[in-house]
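Novice: Protein sequence lines, in the order shown, are assigned to chains A and B.
Take the numbering used here: the last position of the first sequence gets the number 1433, and nothing is skipped along the way.
Take the numbering used here: the last position of the second sequence gets the number 1433, and nothing is skipped along the way.
Mind having a look at this structure? Questions to follow.
Protein chains: 2
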Amino acid sequence: MTWVTDPVLAFIPSFSFPAPLLATAEAESGPLVLAGVLLSLVIVYLASKVGGEICARIDLPPVLGELVAGVVVGVSVMHLLIFPEGGEDGSHSLLMLFLQSTANLSPVAFPQVFQAQSEVISTLSEIGVIILLFEIGLESDLKELLRVGMQATLVAVVGVVTPFVLGTAGLMVIFDVPAVPAIFAGAALTATSIGITAKVLAEIQRLSSKEGQIIIGAAVMDDVLGIIILAVVASLARDGKVEVGNVIYLIVSAAVFLIGSIWVGRLISPLLVDLINNMKTRGQLLLTALMFAFTLSYIATVIQLEAILGAFAAGLILAETEKQRDLEEQVIPIADMLVPIFFVVVGARTDVGVLNPLVPENREGLIMAAFLIVVAFVGKVVTGLAVFGQPGINRLAIGVGMVPRGEVGLVFAAVGSSSGVLSKSLEAAIIVMVILTTFLAPPLLRVVFSRELSGTSEAPALQDARTEAVSLVPPSDLVELEQAEPEAK
Amino acid sequence: MTWVTDPVLAFIPSFSFPAPLLATAEAESGPLVLAGVLLSLVIVYLASKVGGEICARIDLPPVLGELVAGVVVGVSVMHLLIFPEGGEDGSHSLLMLFLQSTANLSPVAFPQVFQAQSEVISTLSEIGVIILLFEIGLESDLKELLRVGMQATLVAVVGVVTPFVLGTAGLMVIFDVPAVPAIFAGAALTATSIGITAKVLAEIQRLSSKEGQIIIGAAVMDDVLGIIILAVVASLARDGKVEVGNVIYLIVSAAVFLIGSIWVGRLISPLLVDLINNMKTRGQLLLTALMFAFTLSYIATVIQLEAILGAFAAGLILAETEKQRDLEEQVIPIADMLVPIFFVVVGARTDVGVLNPLVPENREGLIMAAFLIVVAFVGKVVTGLAVFGQPGINRLAIGVGMVPRGEVGLVFAAVGSSSGVLSKSLEAAIIVMVILTTFLAPPLLRVVFSRELSGTSEAPALQDARTEAVSLVPPSDLVELEQAEPEAK
């Protein structure tokens, strides 16, 4: 893959050319970047709606449809929406070619426009997941989270240790993979995609249930653990040894950030509310909240955590204020606009070509993948057993809720391939594991929850009726439905 | 300030890990671009709210505050938010330096991150004005617009011809400027910034008044005329002659697009509504509407018109459907989130240094500017007189409504400077003219409308009371207030 770097680097310096040249280059590429972004958004929205609607009709989670639709428009199938990863220069992007033929895009501006519009769409998708976690935080109950904190932590730790040990040991023993790649693959088994699980929980209105809150809490812990593990294995993969200092730094900063931001946030949130009440201009609540969320996201990013942790913390803090309800209503349209970008882009970036058994070099990977998938499910489902002192809790639901690896798992695979420690087949196996856990968990999560539902006073029929209703009322009314939930705060 | 970078850069590399270059470039710059964007958005929102709130308190239009706050954080004063124009490589961007010191950004990634985050913020600001015009379209009444179509067209034409002739002739006669630059400057006098006028009209709840609709209609016409004139003078500046073919193409495509999109749109809008009613997933109304708006914006862009024309047309069409009300409510938070980015960025990109009379080389420009400003105001205010068959209409308000040149005028200046046809002083004069018309028109517009108000049944006290109320209710209720307006549809 290294041969790719040259053209890329060769084109980076072209960013700083003399003034007049820049002016013209901008004058030319500026509107084309916008055109490319608009076109990408139309594709993203079309894909998310088509996929979501189909899944909604066959009673699968809409978010699964968005992921699959992303795969269809992405690098795996249609090449409509592809990204510069792997040195892709846009010459295979149908969107760019369409842009070229419709908007007379010149070859000079082509790479710049492709780079820029990919950058914009990627960033929008990242802002999308930030808004999603902010919304999840707003709908979560900090007190409840703290109450289930111990269970969540235990679930997270069990859900990290079990798959890591089973995966690493299994690969070394059964497939005699060398230690470092085995550890790397084992690490890739540990991460949970909080975004996907949270979205499904929201879709089936179980976010504020005790199970939901334990899953969210555990997923957040898991995210932090995942970042630390990634740092460890990355340095291990890079130079065979672990940079202890870096690891300690990550652990401390994560702890300080999560505790500190919520502690400080609770102190200043009343001031924010006063501020908002004294503002006279439009959007005072929303923009103040976004400033708060983006600031925490920024801090989380620069201390090498993930932006979504900051957004989630901000949501949690604001959920405790009198503004929670209004804010929740105003965030809904923004989430509707930005969150689908995240899921479609995750799908679009996933190359499912490795799933094709007809390609001989995929086979070894698929066999290892089969093993990893078993470990991935078992290793997370057992976490439900770790929950203590919660009589009658749906342990299976908690376990299944931790299964999807999603974008986090893909990051492991990407880092692994770039550091060159993973064999092609092992990398493929990890990707397959990520794809299947991500795509199978949402429907499973629905099943295990609805099983429980039919047991309770709430009959599936009613559940369906509500889902039906949800689809017909304007999103701004969804909140009332959520509120109407017995277990809602 | 440049010396600052060196020590910082010298100390950075200790962080950046050796690994395949592409991997580092992406793995490193990815989260940093996000961090830069988040930080930029916090600055933008902070600026827009501080500026807006101050103006709201001294009874000036909040949008003026957003523009001024943009100037403060932008290239003129604080250098927090600056863009790669004029070959700026980011080494003067306080934001980038802050990013460098907080998020250990390496020198390799620096230009790429600066370029990428500027690209993202510019695109977000363009999407912001697209959403603004979509919202304006939603709040406009197509039938009313068609009813005042003749007046609007007349206003637009008068408002283009008068300042063009006065400006060009005056510069040639009084300042004996050569023909081509004089024509260029004259052309820069013709454009009206629909965004700024529309925002002010919305702020003072006069969007759906007859005057408001004439101004909007005329501003749209004016926008189209402006694009055509820019094409003419640009080709004139480039090679001394006019590409007639290109001009005809623009005129025809503009006419076909505006008429065609509305005609076709009205045919398909019932299908869209049926589609929306049959969708079961969250955000069905909003995403379908955005797909429609972005598609028209894309078409407008690729036929070399402006994206905002497409968004406005889409809003107009959807305003006629049963969904208008719900959609308007859902667009408000999105507008609150994205529109301020546009106004702050417009301010941030404006270099008001040319206003400083202490700099000798500014003086000649300032004298010409004084002349251009007079022409700019007179040339547009007279357009009110062109309105016929509307007894008792506020002609002054219509004239003043056409005054702000805003971003459109800046585009002329930018093209002029890049094509090198304008002398430094004349370019400065145009920029000064744009700044003052843009910054003075909003308060003037309020005055001329409120004069009228105090005459009508609606006492200023009530007006103030409502403005007060508007500030206290959540934005989603603003719509009701708008609806409650006597002249609202």
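No residue lacks a Cβ here, since even glycine has one placed at the ideal position from N, Cα and C.
Can you list the residues of chain A that residue 1063 of chain B reaches, using a CB-CB cut of under 7 angstroms?
Specialist: As a working mapping, residue 1063 of chain B is identified with position 119 in the second sequence. Those are 977, 1060, 1063, 1064, listed as they occur along chain A.
Novice: Tell me whether residue 1035 of chain A sits in a helix, a strand or coil according to DSSP, three-state version.
Specialist: Residue mapping note: residue 1035 of chain A aligns to position 91 of the first sequence, counting from 1. Coil, per DSSP.
Novice: What is the DSSP secondary structure of residue 1268 of chain A, counted as helix, strand or coil?
Specialist: On the first sequence, position 324 is the one that residue 1268 of chain A refers to. Note: residue 1268 of chain A maps to helix in three-state DSSP.
Novice: Which chain B residues sit within Cβ distance under 9 angstroms of residue 1193 of chain A?
Specialist: Residue numbering aside, residue 1193 of chain A sits at position 249 when the first sequence is read from its first letter. None at all; the shortest Cβ gap to chain B is about 12 angstroms.
Novice: Who are the neighbours of residue 1239 of chain B on chain A, taking C-beta pairs under 7 angstroms?
Specialist: Position 295 of the second sequence, counted from the start, is the residue given in the question as residue 1239 of chain B. By Cβ distance, chain A contributes 986.
Novice: Under 8 angstroms, with one C-beta from each stretch per pair, do the segment 1274-1290 of chain A and the segment 1228-1245 of chain B reach the 3-pair mark?
Specialist: Because the criterion of three Cβ pairs below 8 angstroms is met, the segment 1274-1290 of chain A and the segment 1228-1245 of chain B touch.
Novice: Under 8 angstroms by Cβ, that's how I've got residue 1357 of chain A and residue 1163 of chain A pegged, so tell me the actual separation to the nearest angstrom.
Specialist: Here residue 1357 of chain A corresponds to residue number 413 of the first sequence, with the count starting at 1. Here residue 1163 of chain A corresponds to residue number 219 of the first sequence, with the count starting at 1. With 8 angstroms as the limit, residue 1357 of chain A and residue 1163 of chain A do not qualify as a contact, their Cβ atoms being about 19 angstroms apart.
Novice: In the segment 1121-1148 of chain B, which residues sit with their C-beta less than 7 angstroms from some C-beta in chain A, listed in chain order?
Specialist: Answer set for the segment 1121-1148 of chain B: empty.
Novice: Over what stretch of residues does the alpha helix (DSSP H) that includes residue 1245 of chain A continue unbroken?
Specialist: Start at 1 with the first residue of the first sequence, and residue 1245 of chain A comes out as number 301. From DSSP, the alpha helix (DSSP H) with residue 1245 of chain A extends over 1228-1246.
Novice: Taking all protein chains shown into account, decide if residue 1054 of chain A is buried (16 or more other Cβ within 10 angstroms of its Cβ) or exposed.
Specialist: In the first sequence, residue 1054 of chain A corresponds to position 110, counting from 1. It counts as buried.
Novice: Go through its chain and collect everything with a Cβ distance to residue 1123 of chain A's Cβ below 7 angstroms, but skip five positions before and after it.
Specialist: On the first sequence, position 179 is the one that residue 1123 of chain A refers to. Taken in chain order, the residues that qualify are 1116.
Novice: Classify residue 1362 of chain A as helix, strand or coil using the three-state DSSP reduction.
Specialist: The count along the first sequence starts at 1 and reaches residue 1362 of chain A at position 418. Correct three-state label for residue 1362 of chain A: helix.
Novice: Select from the segment 1149-1164 of chain A all residues with a C-beta closer than 7 angstroms to any C-beta belonging to chain B, and list them in chain order.
Specialist: From the segment 1149-1164 of chain A, no residue has a Cβ closer than 7 angstroms to chain B.
Novice: Please tell me whether residue 1001 of chain A has its Cβ less than 8 angstroms away from any Cβ of chain B.
Specialist: Here residue 1001 of chain A is taken as the residue at index 57 of the first sequence, counted from 1. Yes, residue 1001 of chain A lies at the interface with chain B (some Cβ there is under 8 angstroms from its Cβ).
Novice: Roughly how many angstroms lie between the CA atoms of residue 1346 of chain B and residue 1136 of chain B, to the nearest whole one?
Specialist: If you number the second sequence from 1, residue 1346 of chain B lands on position 402. If you number the second sequence from 1, residue 1136 of chain B lands on position 192. Computed Cα separation, rounded: 6 angstroms.
Novice: With H, G and I counted as helix, E and B as strand and the rest as coil, what does DSSP make of residue 1010 of chain A?
Specialist: As a position in the first sequence, residue 1010 of chain A is number 66, starting the count at 1. Reduced to three states, the DSSP call for residue 1010 of chain A is helix.
Novice: By DSSP, does residue 1136 of chain B sit in helix, in strand, or in coil?
Specialist: Looking up residue 1136 of chain B in the second sequence gives position 192. Coil at residue 1136 of chain B, not helix or strand.
Novice: For the segment 1061-1080 of chain B and the segment 1054-1064 of chain A, state whether three or more C-beta atom pairs, one from each stretch, are separated by less than 8 angstroms.
Specialist: The answer is yes - the segment 1054-1064 of chain A touches the segment 1061-1080 of chain B, with three or more Cβ pairs under 8 angstroms.
Novice: Since residue 1257 of chain B meets chain A, which of its residues come closer than 8 angstroms, beta carbon to beta carbon?
Specialist: As a first step, residue 1257 of chain B must be located in the second sequence, where it is residue number 313. Under the 8 angstroms cutoff, chain A gives no residues; its nearest Cβ is about 14 angstroms from residue 1257 of chain B.
Novice: Mapping DSSP to helix, strand and coil, what is residue 1059 of chain A?
Specialist: Translated into positions along the first sequence, residue 1059 of chain A becomes position 115. Helix at residue 1059 of chain A.
Novice: Mind checking if residue 1285 of chain B is an interface residue toward chain A, Cβ cutoff 8 angstroms exclusive?
Specialist: Walking along the second sequence from the start, residue 1285 of chain B turns up at place 341. So, not an interface residue.
Novice: Helix, strand or coil: which one does DSSP assign to residue 1214 of chain A?
Specialist: The residue labelled residue 1214 of chain A in the question sits at position 270 within the first sequence. The answer is helix: DSSP assigns residue 1214 of chain A an H, G or I state.
Novice: By the DSSP assignment, the alpha helix (DSSP H) with residue 1261 of chain A in it spans what residues?
Specialist: Residue 1261 of chain A sits at position 317 when you count from the first residue of the first sequence. From DSSP, the alpha helix (DSSP H) with residue 1261 of chain A extends over 1251-1263.
Novice: Count the other CB atoms, across all protein chains shown, that sit within 10 Å of the CB of residue 1050 of chain A; report buried if there are 16 or more and exposed otherwise.
Specialist: If you number the first sequence from 1, residue 1050 of chain A lands on position 106. Classification for residue 1050 of chain A: exposed.
Novice: Any beta carbon from chain B within less than 8 angstroms of residue 1327 of chain A's own beta carbon?
Specialist: Taking the first residue of the first sequence as 1, we reach residue 1327 of chain A at position 383. Taking Cβ atoms only, chain B never reaches closer than 8 angstroms to residue 1327 of chain A, which makes this a no.
Novice: Taking contact to mean at least 3 C-beta pairs separated by less than 8 angstroms, is the segment 1007-1020 of chain A in contact with the segment 984-998 of chain A?
Specialist: Cβ pair count under 8 angstroms is three or more, so yes.
Novice: Quick one: residues in its chain with C-beta nearer than 7 angstroms to the C-beta of residue 1308 of chain A, no 5 flanking neighbours on either side, listed in chain order?
Specialist: In the first sequence, the residue the question calls residue 1308 of chain A occupies position 364. The answer, listed in chain order, is 1369.
Novice: Please report the distance separating the alpha-carbon of residue 1071 of chain B from that of residue 1182 of chain A.
Specialist: Position 127 of the second sequence holds residue 1071 of chain B. Position 238 of the first sequence holds residue 1182 of chain A. Straight-line Cα distance between these residues: approximately 41 angstroms.
Novice: Just list the beta strand (DSSP E) runs in the segment 1321-1366 of chain A, keeping only unbroken ones of 3 residues or longer that don't cross its boundaries, in chain order.
Specialist: Counting only runs of 3 or more, we get nothing.
Novice: Inspect the beta-carbon positions of residue 1099 of chain B and residue 1381 of chain B and report whether they are closer than 8 angstroms.
Specialist: Within the second sequence, numbered from 1, the residue matching residue 1099 of chain B stands at position 155. Within the second sequence, numbered from 1, the residue matching residue 1381 of chain B stands at position 437. Going by C-beta atoms, residue 1099 of chain B is not nearer than 8 angstroms to residue 1381 of chain B.
Novice: Quick test of your reading: residue 1311 of chain A and residue 1377 of chain A, contact by CB under 8 angstroms. State the CB separation rounded to the nearest angstrom.
Specialist: Here the question's residue 1311 of chain A lines up with position 367 in the first sequence. Here the question's residue 1377 of chain A lines up with position 433 in the first sequence. Contact flag wrong, Cβ pair sits at about 12 angstroms.
Novice: For residue 1260 of chain B, go through chain A and note every residue whose CB falls closer than 7 angstroms to its CB, in chain order.
Specialist: Your numbering for residue 1260 of chain B matches position 316 in the second sequence. By Cβ distance, chain A contributes nothing, its closest Cβ being about 18 angstroms from residue 1260 of chain B, past 7 angstroms.
Novice: Is it buried or exposed for residue 1305 of chain A, if we count other Cβ within 10 angstroms and need 16 for buried?
Specialist: Your numbering for residue 1305 of chain A matches position 361 in the first sequence. Per the 10 Å Cβ criterion, exposed.
Novice: Measure the CB-CB distance between residue 1010 of chain A and residue 1031 of chain A and report whether it falls below 8 angstroms.
Specialist: As a position in the first sequence, residue 1010 of chain A is number 66, starting the count at 1. As a position in the first sequence, residue 1031 of chain A is number 87, starting the count at 1. Not closer than 8 angstroms, so no.
Novice: Tell me which residues of the segment 1223-1239 of chain A have at least one Cβ-Cβ distance to chain B shorter than 8 angstroms, keeping chain order.
Specialist: Residues 1223, 1224, 1225, 1226, 1227, 1228, 1229, 1230, 1231, 1232, 1234, 1235, 1238, 1239.
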